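Engineer: For reference, the structure I am asking about is given below.
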Amino acid sequence: MAVAMLSACSNGASSSGGASSDGPIIIGTSVSSTGKYASSGTNVANGYALAVEQINKNGGVLGRQLELKQDDDQSDAGTVGRLYTQFLTQDRADVLLSPYGSALAGPAAQLAERYTTPMAHSLTSSPAVFADTKYSVMAGVTPGSVVLAGVPQFAKVTGYTRVTLVNNDLDAYSEICDGAQQAVTAAGSTLVSRVTYAASTSDFSSVAQKVKANNPEVVISCSAIQDNIGITRSLDQQGFRPKILASATAEDPAFTNSLGSLANKAIGYSIWAPDLKVPGSDDFATAFQAKFGHPATEQSASAYATVQAVAAAITQAGSTDHEKLNDALRSGSYQTILGTYKVNDDGVQTGYKAVLNQYQNGTYALVYPESDASVPAEFPY
0 MAVAMLSACS
10 NGASSSGGAS
20 SDGPIIIGTS
30 VSSTGKYASS
40 GTNVANGYAL
50 AVEQINKNGG
60 VLGRQLELKQ
70 DDDQSDAGTV
80 GRLYTQFLTQ
90 DRADVLLSPY
100 GSALAGPAAQ
110 LAERYTTPMA
120 HSLTSSPAVF
130 ADTKYSVMAG
140 VTPGSVVLAG
150 VPQFAKVTGY
160 TRVTLVNNDL
170 DAYSEICDGA
180 QQAVTAAGST
190 LVSRVTYAAS
200 TSDFSSVAQK
210 VKANNPEVVI
220 SCSAIQDNIG
230 ITRSLDQQGF
240 RPKILASATA
250 EDPAFTNSLG
260 SLANKAIGYS
270 IWAPDLKVPG
280 SDDFATAFQA
290 KFGHPATEQS
300 ASAYATVQAV
310 AAAITQAGST
320 DHEKLNDALR
330 SGSYQTILGT
340 YKVNDDGVQT
350 GYKAVLNQYQ
360 NGTYALVYPE
370 SDASVPAEFP
380 Y
């Protein structure tokens with residue numbers, strides 16, 4: 000059953016979490032306000048904040064206000080562990096929201112298991128994080144293996160079939176390229192090379208040289224934001240321009256702000272965009288612009304939708320009891336601004352879909368699949 004969000008529910012409830020049945024619902028989360036994930040972490044924090052603010056203005060959930068317990072994890076896994084231990088043992092959180100990204104979410108998920116507390120993940124796209132977990136759900140993204148899987152077929156339709164994949168050696172980014180590699184085969188295209196490099200790499204000139212050596216028509220970069228920026232710059236410095244450049248982080252404002260004209264015509268993916276016809280999406284975009292003074296990003300939308308799903312699950316459960324809420328998160332179907340939230344038995348998202356967008360002269364536009372496209376794609380990169 001789909002449950003509409005941002006409406007109040009006045010029923011009372013008992014809780015096995017930290018709050019009394021008439022007190023606030025405690026939500027614990029860390030955000031990367033500083034460190035290497037600061038750009039994305041800020042986007043996530045803004046999405047969480049707007050959702051909580053709007054829900055509380057509409058009466059809260061089960062007649063109770065949401066209270067966000069939040070601190071800076073400094074983009075550091077050790078700090079994540081310390082903060083989530085605090086949320087669980089001192090703040091006695093009713094429910095947890097994930098930090099940004101799979102690398103930081105893994106340690107938090109293990110603590111959620113230890114303390115049998117539900118955790119809704121906003122931007123954890125690696126299915127490995129959810130393996131053998133009972134209390135974690137992928138609430139704000141699709142699995143990493145599918146986010147760029149549409150690129151090979153999209154490229155083939157436009158006549159480009161020679162593909163190179165690039166990723167660092169962390170599991171989360173390898174999984175993105177694994178999915179893209181399977182899609183290359185399914186499209187009947189040719190994988191001319193796959194370039195894997197150490198996650199500690201900061202000079203991408205050798206990576207760019209390896210890519211250029213095989214002269215691919217399509218380059219799919221599956222890594223983190225700073226890596227993708229560095230790879231794009233290094234390809235340009237090598238004098239190499241593929242016909243299509245796709246990046247796992249092309250939708251991040253840091254990508255376009257850092258690269259300037261080099262970002263033009265880059266392909267990214269999205270599970271949210273203002274022009275996708277999903278209930279509530281327009282209202283979210285308008286409210287976000289009004290509150291923060293700039294357009295919403297997909298990362299902020301994912302965070303916002305995660306809070307929507309949590310609030311809907313609490314309403315469905317009629318309680319913040321950990322077991323009841325966890326069951327509602329794992330078995331329920333809820334409407335969010337990303338579409339219909341639904342997870343499989345492993346807690347991995349199956350309800351949302353990814354589309355491809357392209358940065359065209361200062362703005363992103365949907366270009367694939369054609370049924371969702373708002374403008375034609377522009378080639379070559």
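In case it helps, numbering that gives the first Met the number 0 puts the sequence shown at residues 0 to 380.
Note that the Cβ used here is the ideal one computed from N, Cα and C, for glycine as well.
These numbers were taken from a predicted model, which means no experiment stands behind them.
1) Express the C-alpha separation of Pro-241 and Thr-231 in angstroms, rounding to a whole number.
2) Distance check for Ala-148 and Lys-68, CA to CA, integer angstroms please.
3) Could you pull the DSSP bridge partners for His-120 from this structure?
4) Can you tell me the Cα-Cα spacing of Gly-338 and Gly-80, whole angstroms?
5) Using the three-state DSSP reduction, which class does Leu-110 fall into: helix, strand or coil?
6) Measure the C-alpha to C-alpha separation of Lys-211 and Gln-237 and round it to an integer number of angstroms.
7) Residue range of the beta strand (DSSP E) that Ser-246 falls in?
8) Have a look at Ser-201 and Ala-247 and give me their C-alpha separation to the nearest angstrom.
9) Are there 16 or more other CB atoms within 10 angstroms of the CB of Gly-374, so buried, or fewer, so exposed?
10) Compute the Euclidean distance between the alpha carbons of Ala-50 and Phe-203, then round it to the nearest angstrom.
11) Tell me the DSSP secondary structure of Ile-270 in three-state form.
12) Tell me which same chain residues have a C-beta within less than 8 Å of the C-beta of Val-326, skipping the five on either side of it?
13) Would you kindly report the start and end of the unbroken beta strand (DSSP E) that includes Leu-95?
14) State the CB to CB distance for the pair Leu-87 and Ile-24, rounded to an integer number of angstroms; the pair is presumed to be in contact (CB under 8 Å).
15) Would you report the Cα separation of Ile-228 and Ala-265, rounded to the nearest angstrom?
16) Less than 7 Å separating the Cβ of Ala-312 from some heavy atom of the ligand MN?
17) Report buried or exposed for Val-156, applying the criterion of at least 16 other Cβ atoms within 10 angstroms of its Cβ.
18) Rounded to whole angstroms, what is the Cα-Cα separation between Ala-308 and Phe-287?
19) Roughly how many whole angstroms lie between the Cα atoms of Gly-105 and Val-128?
20) Can you give the Cα-Cα distance for Asn-214 and Gly-292, rounded to whole angstroms?
21) Taking DSSP as the reference, what is the three-state secondary structure of Glu-52?
22) I need the straight-line Cα distance from Gln-359 to Thr-255, nearest angstrom please.
23) Determine, using beta carbons only, whether Tyr-351 and Ile-270 come nearer to each other than 8 Å.
24) Below 6 Å CB to CB, which residues in the same chain sit around Ala-182 once its five sequence neighbours on both sides are set aside?
25) By the DSSP assignment, the beta strand (DSSP E) with Tyr-363 in it spans what residues?
26) Express the C-alpha separation of Val-60 and Thr-314 in angstroms, rounding to a whole number.
27) Does the distance from the C-beta atom of Asn-356 to that of Gly-279 stay below 8 Å?
28) Among the candidates Cys-176, Glu-52, Lys-35, whose CA atom is the shortest distance from the CA of Asp-75?
29) State the Cα-Cα distance for the pair Leu-103 and Asp-72, rounded to the nearest angstrom.
30) Counting C-beta neighbours from all protein chains within 10 Å, is the total for Pro-294 16 or more, i.e. buried, or is it exposed?
31) When burial is assigned at 16 or more other CB atoms within 10 Å of the CB, is Thr-141 buried or exposed?
32) Thinking C-beta only, is Met-118 closer than 8 Å to Ser-144?
33) For Arg-161, list the residues DSSP reports as bridge partners.
34) Excluding five sequence neighbours on each side, which residues of the same chain lie with their C-beta closer than 6 Å to the C-beta of Arg-161?
35) Could you give the distance in angstroms between the alpha-carbon of Leu-324 and the alpha-carbon of Asn-42?
36) Where Thr-184 and Arg-193 are concerned, what is the direct C-alpha to C-alpha distance, given to the nearest angstrom?
Structural biologist: Short version:
1) When rounded, the distance between both Cα atoms is 11 Å.
2) 36 Å
3) In DSSP, His-120 forms a bridge with Met-137.
4) 32 Å
5) helix
6) 8 Å
7) 243-246
8) 18 Å
9) Checking the sequence shown, residue 374 turns out to be Val, not Gly. Burial call: exposed.
10) 38 Å
11) coil
12) Checking the sequence shown, residue 326 turns out to be Asp, not Val. Hits under 8 Å: Ala-316.
13) 94-96
14) Rounded, the Cβ-Cβ distance is 15 Å, inconsistent with contact.
15) If you take the alpha carbons of Ile-228 and Ala-265, they lie about 11 Å apart.
16) For the structure depicted, the ligand MN is absent and the ligand set is empty, with no information on it obtainable.
17) exposed
18) In a straight line, the C-alpha of Ala-308 is about 18 Å away from that of Phe-287.
19) When rounded, the distance between both Cα atoms is 5 Å.
20) 42 Å
21) helix
22) 11 Å
23) yes
24) So the list reads Ala-148, Pro-151, once near-sequence residues are dropped.
25) 362-367
26) 7 Å
27) No. Outside cutoff.
28) Lys-35
29) For Leu-103 and Asp-72, the distance between alpha carbons rounds to 9 Å.
30) exposed
31) buried
32) no
33) Thr-189
34) Thr-189, Val-191, Pro-215, Glu-216
35) 26 Å
36) 13 Å
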